[in-house]
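Let me begin by presenting the structure, written as structure tokens, before commenting on it.
In the numbering used here, the protein residues as written are 105 to 563.
Laid out in structure tokens, this is it:
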């Protein structure tokens, strides 16, 4: 499980200086602050930082191999390290990750989708950790840089590598899948995320489905959400697949048995040889689907029901993803990590189901990356909001003005705020006693500010 000099010679376009100084290593970094003795430091040129400016710092910290773009070679002052000059360090980083991945003895699981991929990745990892040594994607390392970084985190004793694979432009999943070469792949759903770049749901599927294609080409198995109409239709002729869902007759069938007063889902799961039920420690029907997906993978890897139930008790929601916070006479639902039409509607439906307190408020910020569909998608939230008639809907963001224009014609109490400080002042004055409050918006809207404000005011 180490990178050898032959692996570096296999990098496309590589010219290697001082190869005799190279020592095999499994320490591959792109941040000079993380360099340890005998690291390989990749000088990645990004949007905000150029790693080539930190070469001296990396060498001083103990890096023995430096990978650079060829035009920077003339700037290298040290002759005591191995220098690998390539056309593009970012591509070379991915290529080396593919070489390292092929050394793995464990199985690789790739997970993507419009919603729920992070949560599903965490559920899968938690359940499989009951039996296997698991390494998973941490933080937001799900792109063309993050996936290779996660692959390099795997060690010789890694039995399962769980990779979250994200995208917002055509070709990203194909590139990542060609590096990760999954043994198992799961697409959580096909929704209206990243429409600014992927145009429509068919475009989203076309992008995401590369994960299935590479997995099947690799002789692997795919897991299909039968409740998603696009996934069900386009995966009809795929072989070597496991289906799961709450509708029809999938291989792994879920059934919603009910909800607790604070919104947790009671679920029954049936497969060929097993049938069991449990109450999920997380909120929302979307999380029930994510959990069912994780169970489908777990059962395929011979994880027992006892192990699944033990893992479920340890599961906690990811920060800002339908995270339930019990304050003094307030149930606060923090869903501020990101937002799109499907996840917002699901969060609103969840809010309506919670019986702990009768008063219910929604604070919503803009949903980003919807392109020309933005106005329509924001307006589409009105139907579900009007259906439930909440105590108050507070909106902020340019795009949320479209939703406000629809809601203000209805009986639903709705307020729109142009400025953050105006909304903040209003929230401070609002009596939220005996209330359930949902806060949600896209990452750039920084809606977590209002979560912290409510927390600080109700300790």
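Glycine included, C-beta positions come from ideal geometry on N, C-alpha and C. Quantities reported herein were computed from a predicted structural model and do not represent experimental measurements.
Residue i versus residue j - alpha carbon distance
| i | j | result |
| --- | --- | --- |
| residue 302 | residue 538 | Confidence in residue 302 is poor, its pLDDT being 48 and thus under 50, which makes the residue's placement too unreliable to answer from. |
| residue 545 | residue 504 | 10 angstroms |
| residue 468 | residue 201 | 40 angstroms |
| residue 334 | residue 326 | 15 angstroms |
| residue 514 | residue 524 | 25 angstroms |
| residue 478 | residue 343 | 37 angstroms |
| residue 147 | residue 135 | 8 angstroms |
| residue 415 | residue 234 | 7 angstroms |
| residue 81 | residue 549 | Nothing about residue 81 can be read from this structure; the chain reaches only from 105 to 563. |
| residue 390 | residue 348 | 14 angstroms |
| residue 561 | residue 532 | 8 angstroms |
| residue 113 | residue 198 | 15 angstroms |
| residue 337 | residue 521 | 42 angstroms |
| residue 75 | residue 321 | Beyond the ends of the chain as shown, which are 105 and 563, falls residue 75; an answer cannot be given. |
| residue 508 | residue 105 | 56 angstroms |
| residue 171 | residue 246 | 22 angstroms |
| residue 179 | residue 122 | 16 angstroms |
| residue 275 | residue 444 | 21 angstroms |
Residues of its chain near residue i, where Cβ-Cβ distance is below 6 angstroms and the 5 sequence neighbours each way are ignored
| i | result |
| --- | --- |
| residue 111 | 203 |
| residue 143 | 131, 133, 167 |
| residue 490 | 514, 516 |
| residue 463 | 495, 538, 539 |
| residue 581 | The displayed coordinates of the chain run from 105 to 563. Any statement about residue 581 would go beyond what the structure contains. |
| residue 117 | 190, 191 |
| residue 365 | 459, 460 |
Distance CB(residue i)-CB(residue j) smaller than 8 angstroms
| i | j | result |
| --- | --- | --- |
| residue 213 | residue 267 | yes |
| residue 429 | residue 559 | yes |
| residue 330 | residue 351 | yes |
| residue 162 | residue 177 | no |
| residue 239 | residue 258 | yes |
| residue 361 | residue 377 | no |
| residue 221 | residue 215 | yes |
| residue 436 | residue 356 | no |
| residue 424 | residue 552 | yes |
| residue 292 | residue 217 | yes |
| residue 394 | residue 223 | yes |
| residue 251 | residue 280 | yes |
Strand pairing of residue i, partner residues [DSSP]
| i | result |
| --- | --- |
| residue 350 | Paired residue(s): none; residue 350 is not in a bridge. |
| residue 129 | 107 |
| residue 329 | 348 |
| residue 374 | 357, 379 |
| residue 438 | 427, 543 |
| residue 287 | None, per the DSSP bridge assignment. |
| residue 565 | Look at the range of the chain in this structure, 105 to 563, and you will see that residue 565 is not part of it. |
| residue 529 | Bridge partners of residue 529: none, in fact. |
Same chain, Cβ closer than 8 angstroms to residue i, five either side skipped, listed in chain order
| i | result |
| --- | --- |
| residue 306 | 334 |
| residue 465 | 494, 495, 496, 497, 498, 534, 536, 539, 540, 541, 542 |
Proximal residues to residue i (C-beta, below 7 angstroms), its chain only, five neighbours per side dropped
| i | result |
| --- | --- |
| residue 457 | 363, 367 |
| residue 324 | 286, 287, 288, 289 |
| residue 256 | 132, 201, 204 |
| residue 402 | 231, 232, 412 |
Expected contact under 8 angstroms - CB spacing of residue i and residue j to nearest Å
| i | j | result |
| --- | --- | --- |
| residue 173 | residue 193 | 6 angstroms |
| residue 282 | residue 318 | 6 angstroms |
| residue 451 | residue 439 | 5 angstroms |
| residue 511 | residue 486 | 6 angstroms |
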